[in-house]
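Quick note: the sequence shown uses our numbering, first residue 3, plus one each step. All C-beta atoms in this analysis are idealised placements derived from N, C-alpha and C, irrespective of residue type, glycine included.
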Amino acid sequence: MDLYLKEVRMENFKSFGKKLTVPFFPGFTAITGPNGSGKSNIADAILFVLGPKSSKTMRADRLTDLIFNGGKKRKNPAKHCKVSLVFDNKQRKLPVNSNEVLFTRMIKRAPLKDNPTNYYTYYYINEKSSSYSEFMEILLHAQISGDGYNIVKQGDVTSIIEMGNVDRRRIIDEIAGISHFDNDIKKAENEKEETDTNMDRIQIILREIDAQLKQLKNDRDEAYRYKELQEKLEENKAKLAEKKKIEINQQIAEINQQITSYKEEQNTLTEKSNIIKTQLKEKQKELKEIENHIADVGGEEVNDIKKQIDSLREEEIKTVERINYAKDEIHDLKEDLKTQEQRLDQITTDLSETEQNHENITEKIEELTQQITEKETAYKELKDRIAQSDDQSIDLSKEIAELRETFENTTNDLHEKKLSLQRLTEQLNSLDETIADLQETKTTYEFELKDIQWQLSERKKAHGEQRKQRKKLEQNLFEKKKQQAELTEQLNDVDNQIRLLQQQKAKLEAEYEAISSVHQKYNRAVNQILNARDTKQLQGIHGTIAELAQVEPAYKTAMAIAAGGRMQSIIVEDDQAAAKAIHYLQKRHLGRATFLPLNKMIAGKPRGKALMTVKDEHAHGFAIDLINFQDEYRGAFWYVFGDTIVVDSLKDARRMMGGVRLVDLQGSLIEASGAMKGGSKPKTQIAFGEADRTKLDEVSNELRNALTHQEQLQQHIQQLKQEITDIENELGTMDPASVSEHELQDISVRKKTFQTKKEKVSNQLQGKQDEYEALTQEKNKLTDKITALQKTLESLDEQKQQKGKRLLSKTSKEDAQEARDLENTIAELKDNKFSLNADLQGITKQKELLEQQQQERSEKITEIKDEIKQHQTDRTDLTKKREEFTEQIQTLQQVQEQMSDKIKGFTTKRDTIYKDTVDLEHQLDKITTRVESYYDLVSRAKYRLPTLEDALKEINDQLEVYDVTVDTNNLPPVDSLKHSIQLVEENMRELEPVNMRALEEYDHQLNRKQKLDEDITHLQEQRYKLIDLVDEITKKKEEKFYKVYHEINKNLKEIYPELSEGGEAELKLDNPDNLFDSGLTIKARPRGKKVLLLSALSGGEKSIASLAFIFAIQHYDPSPFYVLDEVDMFLDGVNAENVSRMVKQNALDSQFIMVSLRKIALKEADHVYGVTMQDTGISDMIGNVDPNSVGPKGELAIAGA
């Protein structure tokens, strides 16, 4: 059998008040016992797990009634019950990957205050928690169900006969799977109904769309015309923009060409200036050398004059530096002047736009003020009319007027405060920018001062730093050479170590090769595995037992004999390595070998007899303890030696033999069974430790590590050699640095200038920060006042609204509505005016700020011009002063020349050099002036570029908006383009207003219509397919039904005569033309009788007919097992015997469990169980009951009773 019920395990289920396991077997099992013993509870237990829909099926009002109630005395009632069904699943008919599947259901009482009978149900599959749906799904997969026809409860055998004809036909429906067809038909019909609904809905939408399309067509045509004009307008504007773009690009190109030309000329002059500077330095050097010579030759007076000349020269140099500084300042100030003038132009433009905005908003405020006055007059007249209605209204009007006045005053006050806050915020923002600019300037000056200080420090310390650098390099060179010597010594040691290891390895390899001849003693398979290990073809191979152990010479013979053929066993890392090695041998047909995987080998313990024997004075110990091996191999060596004991001689072994394995030192072996082995020693015998590779592998690893270390040392030494070479080269090229006093003086002048600027900016920054802090405090106070005013306004507004509502409640609806409308209009106008006033105040403040910035920029420009003028004056004065110094120097030189004939030739040469120096200085001054003029020309040219670039950017932005491709090679004149634009704009105005959305909306609706038309076509096709599908499913449904019906009817016609000994029975449909509304009738004719209606049959005849129908179904659709509870109760002996025999026959294909009191049924069963009831009210089971010992009412003869 593919699947059968193997066990039923019960715990506290109904009358079984303890744990009980009932085993079942394939075939026919009968259960008997007297009435009330609880035998039917076994069938209830099976039903309990399989989950019938009602507890009534298990003869219980509630599920908790199934829990053991304590027996007759109600002693210790249980709180839960549990039943498990164990199925044999070797053929995997159940979708669970185990040979047995255990289905368990448990209910547990869990009383609540409002529900004392509350309980919880638990489901388990193979003792793992499961959901009910998963539980049932697995059972149904094998056609096991608690509601099926395979379980017939006591008294329900005739239910098939007594049920209605339609319900009986539904049994065939269920077997044929009609419900699946019905579900498919229902699904298809639902889809068809949904399709019809969708088609109706789409038709309604289509009618609406058609109407909208007619209406949109005219608008769309006008929009198309307007769009064409719009595109033409954009095209003309794009052409005009391209025309302007070409002109601007031409201007930019011309300016860039000018700038390039200026810069090229400027670079040429700069190069010439650098050449002259070099020549000037050389001349100054020559002049100094010849003047020193003149001083040496001319004596003390000439030397004094020379000192005066040197002093004047120093003053002249200082004057030149100041002249150069003035030039630089003039250049920087001119650049700053250009920037300030550009900013002033931008501020002037912004101020003009702001004044225009101010004028426009002022006009709008005047218009709103007039409208508010008119509305307030109308509102006052209406209020006066309302107020005259009664005294209370007059009082309310006065109060509202007072509140409104207070509200307006507060609003004005709030408005003023907000404007002040806005002004303060703008002042703070402006101050913030100013502070940021000043901080940036201060940071720049500080950076310049740090740079200057660094330059001074570097110039002064250059020589000292070089000395330190040289010392550092020399020290580094010493360290490197020292390190090189140490590494060279280490390399020599490693070389010696490598030579020793190579010699040691060669020796061990020779020994191993000599010893490894023992491999010839191994069988072929072992040799091949060891070779595969050595050539790295196999991983995880440790070696043979013989290889991996060492034995003292005295025990070598005894240990080799004790190990025997197992010395060739191969120890491997794990069973996976063993499997790979076996596959290696199989694939190459190399023979067989024994493998000992370390992860599976287990070391045993000596037997009791061995433990006693090993204590003998002539016993040396267990063999496993007399051999040396790694501890991880103990399990493998236990497999080889077990509890073998080594003794002195054969005589001693004979004395100790019996139940213990012994080996003497000469190699005689006595098995635990008493068998004795001995004789001369084998000529070729494998010995322990003869081919141990451990030492060789260790030496090889040491040699490999030493060679790696050698290579690393060589690389390090090579690297050090290169570093030493680099350091020596650097030391060879290093020269002491010299510091120019002229450079130091120049740097000092720059330092004083930047210190002065930094102090000035710091004072300005501190003043602005103090001002910013004061304004921040003022802003915080103002913010608090604004918050308080807003709260006051909210309170006033609420009071005003309440009193207004009270006043309007006493007014007619028309007047009230008019008053509300006027109030809303006035409020809206005031809000607009308030917003415009806020804008006006903001623009006014902006205007004031721009005027202030304009004034500041103008003052700044004036200040810069004054500074430029001052520097120009200083430059002129300094130039005159330099000329004076030059004249004095020339005068002193003439005096010096007249003082001695010795120096006449030198002074002539000096004068020539000095004249050359002056000429070079004049040339340099002219070139510098020309370079500065080119700076001005480049700046002026660049000044024009931003305006042109902004205009070009604006045109490019316009072209991007137009998104029109224009042929720039064929553009019309500007006047022609402007005229075309004017005509197009006039045509567009004639068409306005135009519904441009009609273009998009028309296309959208048209697309929707096309899409919906496609949907209609698709839905119609889908509807036809669904109609065909329903017809097809209905046809298959009928075919399947008739197939099952005819097969079961055929089985019934064969089975009923066998059960009734010659009777006849068949199935008949009440209305074959209307199959699934028809009923199913069983027509039966017992032997010797005419055909009878089912209602006319006796109880036994009904049982026979019902069982025949069940067996007919079983033959068509067998269930894995059947449970029949006293189905033979109403049968006479002959019929009961016939039923029992048929159950016996059917049990060859399916398992049958039958509860019965009939001996004939018990005799036919393969296994018989008995159920008895103890005095405590607890049921118990008896196995292997003899049917002959069962009484007519199920009494069981119990031994000893």
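Within the continuous beta strand (DSSP E) that includes residue i, where are the two ends?
i, result
"M2", "Shown here, the chain extends from 3 to 1203; a query on residue 2 therefore has no answer."
"Y1047", "Looking at the DSSP string, Y1047 is not in any beta strand (DSSP E); the run it does join, the alpha helix (DSSP H), is 999-1062."
"S1181", "1181-1184"
"L22", "18-25"
"L7", "6-15"
"A32", "30-34"
Provide the residue span of the alpha helix (DSSP H) that contains residue i, from first to last.
i, result
"I531", "526-536"
"H591", "No alpha helix (DSSP H) holds H591; DSSP gives it neither H nor E."
"N1148", "1135-1148"
"G179", "No alpha helix (DSSP H) holds G179; DSSP gives it neither H nor E."
"Q539", "Q539 -> no alpha helix (DSSP H), and no H or E assigned at all."
"I1115", "1101-1118"
"D618", "No alpha helix (DSSP H) contains D618, which DSSP labels as neither H nor E."
"L979", "976-993"
"I563", "558-565"
Restricting to Cα atoms, I'd like to know which of the options is closest to residue i.
i, options, result
"R227", "N989, D1182, E1066", "N989"
"E316", "R111, T888, D728", "T888"
"D728", "Y937, L479, E962, D699", "L479"
"E1002", "E361, K219, M12", "K219"
"P1088", "N251, N494, K1104", "K1104"
"E704", "P1122, E191, L502, F1043", "L502"
"Y381", "G661, A829, L767, E796", "A829"
"P1059", "P118, L1109, F1132", "L1109"
"K849", "L353, N294, F15, I162", "L353"
"R752", "D330, S1191, D645", "D330"
"L1028", "Y121, D198, N152", "D198"
"W456", "T615, N498, S750, K444", "S750"
On the DSSP bridge assignment, give the partners of residue i in chain order.
i, result
"G545", "I573"
"D1127", "V1157"
"Q552", "N630"
"E448", "DSSP, once it has assigned bridges, lists no residue as partnering E448."
"T1083", "K1070"
"F597", "I572"
"I109", "C83, T123"
"L2", "In the structure as shown, the chain starts at 3 and stops at 1203, and residue 2 therefore has no counterpart that could be examined."
For residue i, I'd like the list of residues in its chain whose CB is within less than 6 Å of its CB, leaving aside the five on either flank, ordered along the chain.
i, result
"V553", "M561, I629, F690"
"A527", "L587, L592, G593, R594, A595"
"E288", "I915"
"L430", "L777"
"I174", "V1046, Y1047"
"Q373", "L831"
Could you pull out every residue in the same chain whose Cβ sits closer than 7 Å to the Cβ of residue i, ignoring the five residues on either side in sequence?
i, result
"S740", "Confidence is the limiting factor: at S740 the pLDDT is only 40, short of 50, which leaves the residue's position unreliable, though a coordinate-based value still follows. Excluding positions up to five away in sequence, the list is empty."
"L422", "The displayed chain sequence assigns Ser, not Leu, to residue 422. Within the same chain, S422 has close Cβ partners L784."
"A1163", "A32, D1130, A1138, S1142, M1156"
Which residues in the same chain as residue i place their Cβ atom closer than 8 Å to its Cβ, once the five residues preceding and following it in sequence are excluded?
i, result
"Q1206", "It is not possible to answer for residue 1206, since the shown part of the chain is limited to 3 through 1203."
"D618", "V649, D654, M658"
"D1017", "N200, I204"
"L242", "V976, L979, K980, I983"
"Q342", "R859, K862, I863, I866"
"D1177", "K74"
Within the region 49-103, ranges of the beta strand (DSSP E) (whole runs, at least 3 residues): 82-90
Those runs of the alpha helix (DSSP H) which lie wholly inside the region 621-703 and span at least 4 residues: 636-643, 652-658
In chain order, each alpha helix (DSSP H) run of at least 4 residues that lies wholly inside the region 121-172: 134-143, 161-164
Segments of 3+ residues assigned as beta strand (DSSP E) that fall wholly inside the region 699-729: none
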